[in-house]
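This report concerns only the one structure given below.
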Amino acid sequence: MAEKKWWQKSVVYQIYPRSFCDSNGDGIGDLNGISSKLEYLKELGIDVIWLSPIYQSPNDDMGYDISDYRAVMKEFGTMEDYDRMLAKAHSLGLKIMMDLVVNHTSDEHPLFVESRSSKDNPHRDFYIWRDGKDGKAPNNWGSSFGGSAWEYDEATDQYYLHLFSKKQPDLNWENDAVRKWVYDMMTWWCDKGIDGFRMDVISLISKVPGLPDGEVGKNGYGIFSPYCANGPRVHEYLQEMNREVLSKYDLITVGECSGVTVEEAKKYASSSGEELNMVFQFEHMDLDGGESFKWNHDKIRLTKLKEVMSKWQTGLEGKAWNSLYWCNHDQPRMLSRMGNDSPKYREASAKMLATCLHMLKGTPYVYQGEELGMTNYPFTSPNEFRDIESINAYRELTEKEIFSRKDAFDYISYKSRDNARTPMQWDDGPQAGFTTGSPWIAVNPNYTQINAKEQIARKDSVFHYYRKLIALRRQYDIIVYGDYGLLLPDSEEIYAYLRTREEQALLVVCSFSEQETVYEIPGRFAEKSGTVLLSNYGRKEISAILTLKPYECAVFLYE
Ligand code: TEU
Ligand code: CA
């Protein structure tokens, strides 16, 4: 049995600082706002807080474009505010995981300002510069945020690579000096006492030499991921990062690895500990990717979700460790995507989705507001979008007439990252208690029904259900270490699975259906006496044939 680690038993809570809590009335969340809510997170029972970037940034991509890695974004406060927040978190027994964005910097970072100033600047090769071809970009790659992945720079008559916005130039990881600069910065934060890193698009840092053209996608640009995801030297770089920094501290580390496979994840998150603790894979999030990638109304089929989740559960078993997530700042809210966000079934399906995820093997991640059953936002106009990805997509999809304005608006409204970035709903007062000013992005009008204050006061709320779920993980090692086995693979209504460890077994049953469904307990448990550990409908008994209510879930323990 591989050695047990504290981060395997932990539950991580992701804060998107811009939308979490505003302490000074400027409509933007900040560090003092986070400090004021740490007791709330302690009561929820989480162990680690993942902070989306808080560093100095022009906010072209809401902080994922960093112009000073050792300074706090002015809108979020000061380094003293940060130090106070870190100290208070630690005093409450909460750990802080920072967001490490080192595939690229902001174009306003001094290193890029120098790099672009001349071809012979000592920092020129900190970034990826190439000559154009016949007056065009060096290759046909498209940026994740629309348009070409290359920006022409007249001053030196060359192009620089940006897989994301043109204000996010990619760093050249082949340059030893770049890697040393990254490791020095990481060490600086570790010496401040932080407890881990979430590594932004870390699977993209090693590009295939020659940067070959990609297959042309729907928008007319080449797809870069085959030549950037899980590139030739990525594991070499991460093993070096581990030797130079990570191995010197007791950290939790998770790599965001779009395009990662189970086989690759066994390297990134190997139990050998020579790279990272775990990865965020995207296979389940891409199940409704459709031919135009994310812009569609496609639904995730439950059988496909079960297939992917099971592949990862069994694929990493004994070799590496899973992260477990439905939501984050880049995804629409899962309650609106695979649950039912109607007033009638919102709470039942929110609890069901949480149970389905948290009873799996791996480290669960709760995204801010998920513990309340917050939902997607009811956009009424493209002017309400704030995210560069959505704004650029709407322009590109309509200008190129890939979709009609109505379809483009509908698809983007449903899948926009802004759905996850509306302000945290604290109470039913003005602006949901997020700010006394006017928020940078609109508050979801359903805050009067969905807010923390109301749910803390109501014992059967989603909030208190999450508390029970998180507490169970501490109480039962079978939840953390038990083996996983899928049941009913062909059901489109029910996700049922087993967790087994020594003589114990957990039977987890989740109905994803708005109809009543019938579930027959496996024979080997039918005559055994089991305990109902958890139920979103207050079920007390286990019968051999269960009639499940809409979105009913239950966890049965057999010993
Ligand atoms: O996300 C990278 C990434 O995979 C997402 O851009 C994803 O492809 C897209 O959102 C799916 O719609 C990371 C950060 O989480 C994201 O917020 C940043 O925009 C991006 O990197 C660039 O730093
Ligand atoms: Ca503020």
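Residue 725 in my numbering sits at position 484 of the sequence shown, and the numbers go up by one each step. The beta-carbon is built from N, C-alpha and C at its ideal position, and this holds for glycine as well. This structure is a prediction, so every number in the text was calculated from the model and none was measured.
Item: Residue 658: CB within 7 Å of a non-hydrogen atom of ligand 1; Value: yes
Item: Reference residue 286, options 297, 251 and 301, closest by Cα; Value: 251
Item: Residue 305 beta carbon near ligand 1 (any heavy atom closer than 7 Å); Value: yes
Item: Check: residue 403 C-beta below 7 Å from any heavy atom of ligand 1; Value: no
Item: Beta-carbon separation (whole angstroms), residue 528 vs residue 546, contact threshold 8 Å; Value: 6 Å
Item: Nearest-angstrom Cα separation, counted from residue 273 out to residue 322; Value: 6 Å
Item: Cβ-heavy atom distance, residue 264 to ligand 2, below 7 Å; Value: yes
Item: Check whether residue 249 and residue 553 have beta carbons under 8 Å apart; Value: no
Item: Residue 267: CB within 7 Å of a non-hydrogen atom of ligand 2; Value: yes
Item: Of the listed residues 775, 357 and 669, nearest to residue 714 (C-alpha basis); Value: 775
Item: Those residues which DSSP pairs with residue 789 across a bridge; Value: 758
Item: Selected residue, minimal CA-CA separation from residue 473, among 511, 415 and 679; Value: 415
Item: Spatial distance of residue 507 from residue 487 (CA atoms); Value: 18 Å
Item: Completely contained alpha helix (DSSP H) runs for the stretch 255-293, where each covers 4 or more residues; Value: 272-277 and 279-285
Item: Secondary structure of residue 729, DSSP reduced to three states; Value: coil
Item: heavy atom of ligand 1 below 7 Å from residue 423 C-beta; Value: no
Item: Within 8 Å, strictly: CB atoms of residue 491 and residue 337; Value: no
Item: Identified DSSP bridge partners for residue 521; Value: 497
Item: Residues bridged to residue 746 (per DSSP); Value: 741 and 799
Item: Neighbour-count burial assignment, residue 786, 16 or more Cβ in a 10 Å radius; Value: exposed
Item: Rounded distance between the beta-carbons of residue 752 and residue 791, thought under 8 Å; Value: 7 Å
Item: Residue 570 Cβ short of 7 Å to ligand 1 heavy atom set; Value: yes
Item: Cutoff 7 Å; reference residue 245; Cβ partners in own chain excluding five residues on either side; Value: none
Item: Residues that residue 247 bridges to, as DSSP identifies them; Value: In the DSSP output, where bridge partners are listed per residue, residue 247 has none listed.
Item: Best match in 534, 768, 457 and 441 for proximity to residue 494 [C-alpha to C-alpha]; Value: 441
Item: Rounded straight-line distance, which links the Cα of residue 674 to that of residue 693; Value: 10 Å
Item: Bridge partners - residue 342, DSSP secondary structure assignment; Value: According to DSSP, residue 342 bridges with nothing at all.
Item: Backbone secondary structure at residue 434 - three-state DSSP; Value: coil
Item: Three-state secondary structure (DSSP) of residue 242; Value: Legend: pLDDT at residue 242 = 48, less than 50; position of this residue unreliable, no value from coordinates given.
Item: Assigned exposure category for residue 690 - 16 Cβ within 10 Å defines buried; Value: exposed
Item: Coarse secondary structure for residue 671, derived from DSSP in three states; Value: helix
Item: Meets three-Cβ-pair contact criterion under 8 Å: the stretch 584-604 and the stretch 623-638; Value: no
Item: DSSP state of residue 308 mapped onto helix, strand, coil; Value: coil
Item: Separation of residue 779 from residue 704, as counted between CA atoms; Value: 16 Å
Item: Beta-carbon spacing of residue 501, residue 522 below 8 Å; Value: yes
Item: Residue interval of the alpha helix (DSSP H) (run including residue 546); Value: 543-556
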